[in-house]
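Asks: For the sequence shown, the numbering used here begins at -2 and goes up steadily by one. From the three backbone atoms N, C-alpha and C, an ideal C-beta is built for every residue, glycine too.
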Amino acid sequence: MGNAQAQKYHSGTTSRTALGIFFGIGHNKRIPVIAAGGMPNHVHLAIDLPPVMKVGDAISAFKANSSRWLKQEGVRGFAWQTGYGAFSFGIPQVEQVKRYIHNQAEHHKKYSFEEEFLDLLKRAGVDYDPRNVFE
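What follows is the structure, encoded as structure tokens:
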């Protein structure tokens, strides 16, 4: 998620509840969620983006509705970062992407979020300025 206030939603059963909200949002907004996972400072979603929907509109739907849910749950001071990263994958990669998302806790024993994100950008061939990629 985004800050220390939301960290209580990333432990044990409550973490599954917090991540489960993304499946409900996806259902309500007609954006099928394939997998959801993350750490206290970020979330990974694998979605089946409808062909008529813009990536930014989907991200906005997930951010706005999850923020509303967190507020209803009593979390104060939560805010999503301004930007986001979005990467595409094909049907042959679905299981690999699901494993990657579900194994975030293990993955982050070795790599920070920043290292992970820069690696994803590099592997996707995205040009970026390392001085401002996390602004």
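Under 9 angstroms, do A76 and I22 count as touching if we go by C-beta distance?
Replies: No, they are not a contact pair.
Asks: Can you grab the Cα-Cα spacing for the pair R128 / Q90, in whole Å?
Replies: Between R128 and Q90, the C-alpha separation is close to 31 angstroms.
Asks: Might you give, ordered along the chain, the residues of its own chain that have their beta carbon closer than 8 angstroms to the beta carbon of H104, omitting 5 neighbours on each side?
Replies: Answer for H104: Y97, E113, listed in chain order.
Asks: Look at V40 and L67 and say whether their C-beta atoms are less than 9 angstroms apart.
Replies: Not in contact: V40 and L67 (Cβ atoms no closer than 9 angstroms).
Asks: Where does L46 fall in DSSP's three states?
Replies: Of the three classes helix, strand and coil, the one that applies to L46 here is coil, per DSSP.
Asks: Under 6 angstroms Cβ to Cβ from H99, same chain only, skipping five residues before and after it: list those, please.
Replies: The residues are G34.
Asks: For the beta strand (DSSP E) that I88 lies in, which residues bound it at each end?
Replies: Unbroken run through I88: none, as it is neither H nor E.
Asks: What does the alpha-carbon distance come out to for the pair H24 and L46?
Replies: If you take the alpha carbons of H24 and L46, they lie about 12 angstroms apart.
Asks: Give me the DSSP bridge partner(s) of A121.
Replies: Beta-bridge pairing links A121 to no other residue.
Asks: Going by DSSP in three states, G21 sits in which element: helix, strand or coil?
Replies: It is helical.
Asks: My guess is that L117 and F84 are in contact by the Cβ rule of under 8 angstroms, so how many angstroms apart are they, rounded?
Replies: That pair is a contact at about 6 angstroms.
Asks: Per DSSP, which residues does G74 bridge with? Please list them.
Replies: BP columns for G74 are empty, so no partner.
Asks: So A55 and I44 are in contact, right, with Cβ under 8 angstroms, and what is the actual spacing, rounded?
Replies: Contact flag correct, Cβ pair sits at about 6 angstroms.
Asks: Please classify M30: does DSSP put it in a helix, a strand, or coil?
Replies: Residue identity differs from the one stated: residue 30 is Val in this sequence, not Met. If DSSP states are grouped into helix, strand and coil, V30 belongs with the strands.
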